[in-house]
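Trainee: Under the UniProt record's numbering, the residue at position 252 of the sequence shown is numbered 252, and the numbers go up by one with no gaps. Heads up, the beta-carbon is just placed ideally off N, CA and C, and yes, glycines get one too.
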Amino acid sequence: MSAGGGKKAIFAALSANAGIAVAKFVGAAITGSGSMLAEAVHSVADTGNQGLLLLGQKRAEQEADDLHPFGYGRNRYFYSFVVALVLFSLGSMYAIYEGVHKIQHPEELTSPVVAIVILALAAALEGYSFMTAMRESAPLREGASWWRFIRNSRSPELPVVLLEDTGALIGLLIALAAVVLTVVTDNAIWDGIGTLGIGLLLGAIAVVLIVEMKSLLIGEGATPAQDVAIRAKLVDGERIDRVIHLRTEYLGPEEMLVAAKVSIVPGLEIADIAAAIDDAEARVRAAVPAARVMYIEPDLYRTQPV
Numbered sequence: 001m002s003a004g005g006g007k008k009a010i011f012a013a014l015s016a017n018a019g020i021a022v023a024k025f026v027g028a029a030i031t032g033s034g035s036m037l038a039e040a041v042h043s044v045a046d047t048g049n050q051g052l053l054l055l056g057q058k059r060a061e062q063e064a065d066d067l068h069p070f071g072y073g074r075n076r077y078f079y080s081f082v083v084a085l086v087l088f089s090l091g092s093m094y095a096i097y098e099g100v101h102k103i104q105h106p107e108e109l110t111s112p113v114v115a116i117v118i119l120a121l122a123a124a125l126e127g128y129s130f131m132t133a134m135r136e137s138a139p140l141r142e143g144a145s146w147w148r149f150i151r152n153s154r155s156p157e158l159p160v161v162l163l164e165d166t167g168a169l170i171g172l173l174i175a176l177a178a179v180v181l182t183v184v185t186d187n188a189i190w191d192g193i194g195t196l197g198i199g200l201l202l203g204a205i206a207v208v209l210i211v212e213m214k215s216l217l218i219g220e221g222a223t224p225a226q227d228v229a230i231r232a233k234l235v236d237g238e239r240i241d242r243v244i245h246l247r248t249e250y251l252g253p254e255e256m257l258v259a260a261k262v263s264i265v266p267g268l269e270i271a272d273i274a275a276a277i278d279d280a281e282a283r284v285r286a287a288v289p290a291a292r293v294m295y296i297e298p299d300l301y302r303t304q305p306v
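Okay, here's the thing in structure tokens:
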């Protein structure tokens, strides 16, 4: 994911969520709807989350130094992990608390039409943010479903925005259903049930994000397709005849470390071996541009590699 593409999706989500949060708080104040208030807090959390994603991208741009010789690219993973924690603690926990409270102590809604209008407006803005993220991720998904993209992506921002927007749209439907059922049945307990449902939804999304971002933060290797490509490009069949072992790890969303031990055809001169290594690095970088940091060790193949 290019930094520009990621930022476009983040800014779209930031502007949408900021406007939605204001509208929802107004609607919650007018109607007294708990589900509307839960959605307003959700939007505030999402707005803050977009700011954290932008901060992570800014921090990741720092130049490598003696303390961090491989750079600061993993800042993007760290701040995305913080986003997941914020979504869980501020968004989910508050909504669950508010939902339980509303179920135990139902409060009548006033001006439900206002709530419905605001929810419809919010859905339109969230839909805009979601479609922006889908367009930005389309070249990277390469035909894969958005869920597979979220599971396999080594870039954190677009998966985070996609999951947040998906949760927001589903949450809006839950809030709308809660308001309508409250009006139809004249029973305010539905508002509390809707609020609780939103909290559980946010919790589930936050858990998925926490698991995915934790995995990226610890360090993930090349994708299966990238692994196959790297192994194929390391071998030229003339000077390098096989890969003895290969280790890869993403140092950041757009930078991968490749460490390999390759088998050199016996009898080559030092200059030929050096040229073979240089050519192998060039082939790998052409096939997998993220493979920016490479260490290739020449060796002779043995039955038990060392």
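Classify R285 as helix, strand or coil using the three-state DSSP reduction.
Mentor: helix
Trainee: Helix, strand or coil for H245? Go by DSSP, reduced to three states.
Mentor: strand
Trainee: Where does the unbroken beta strand (DSSP E) through V258 begin, and where does it stop?
Mentor: 255 to 264
Trainee: Between which residues of its own chain and W146 is the CB-CB distance below 8 Å, once the five residues before and five after are set aside?
Mentor: Taken in chain order, the residues that qualify are M134, S137, L162.
Trainee: Which residue marks the beginning of the beta strand (DSSP E) containing F191, and which one marks its end?
Mentor: Note that residue 191 corresponds to Asp in the displayed sequence, not to Phe. Taken as a continuous stretch (DSSP letters only), D191 belongs to no beta strand (DSSP E), being part of the alpha helix (DSSP H) at 189 to 218.
Trainee: From F25 to R247, what distance separates their C-alpha atoms?
Mentor: 51 Å
Trainee: Skipping 5 residues on each side, what residues in its chain have a beta carbon closer than 7 Å to that of A175?
Mentor: S35, M36, E39, L119, G194, I198
Trainee: Within 10 angstroms of the Cβ of G237, are there 16 or more other Cβ atoms? Answer buried if so, exposed if not.
Mentor: G237 comes out exposed.
Trainee: Below 6 Å CB to CB, which residues in the same chain sit around I205 once its five sequence neighbours on both sides are set aside?
Mentor: L163, G167
Trainee: Does the Cβ of A291 have 16 or more other Cβ atoms within 10 Å, making it buried, or fewer, making it exposed?
Mentor: buried
Trainee: By a C-beta neighbour count over all protein chains shown, 10 Å radius and 16 as the cutoff for buried, is T182 buried or exposed?
Mentor: buried
Trainee: With a cut-off of 8 Å on the beta carbons, I'd call G48 and Y79 a contact; round off their distance for me.
Mentor: About 11 Å separates the two Cβ atoms, so there is no contact after all.
Trainee: For the 8 Å Cβ check, are there 3 or more pairs between the segment 216 to 227 and the segment 65 to 84?
Mentor: yes
Trainee: State the Cα-Cα distance for the pair A23 and L121, rounded to the nearest angstrom.
Mentor: CA-to-CA, the gap between A23 and L121 works out to about 9 Å.
Trainee: Check each candidate in H68, V284, R302, L125 and name the one with the smallest Cα separation from Q226.
Mentor: V284
Trainee: Where DSSP assigns a beta bridge to E297, which residues make up the other side?
Mentor: In DSSP, E297 forms a bridge with K261.
Trainee: Specify the secondary structure class of G71 as computed by DSSP and reduced to three states.
Mentor: coil
Trainee: Could you work out which residue in V44, D272, I264, I96 is closest to G192 when comparing CA atoms only?
Mentor: I96
Trainee: Given the structure, does V82 come close to the ligand NAD, in the sense that its CB is under 7 Å from one of the ligand's heavy atoms?
Mentor: The ligand NAD is not part of this structure, which contains no ligands at all.
Trainee: Within a Cβ cutoff of 7 Å, which residues of the same chain sit near L196, ignoring the five residues on either side of it in sequence?
Mentor: I96, G99, V100, I103
Trainee: Between K7 and S111, what straight-line distance do the alpha-carbon atoms span, to the nearest angstrom?
Mentor: So the two alpha carbons sit approximately 38 Å from each other.
Trainee: Drop a sphere of 10 angstroms on the beta-carbon of Q62, count the other beta-carbons inside from all chains shown, and report buried for 16 or more, exposed for fewer.
Mentor: exposed
Trainee: Note down the Cα distance separating D299 from F70, rounded to an integer number of angstroms.
Mentor: 26 Å
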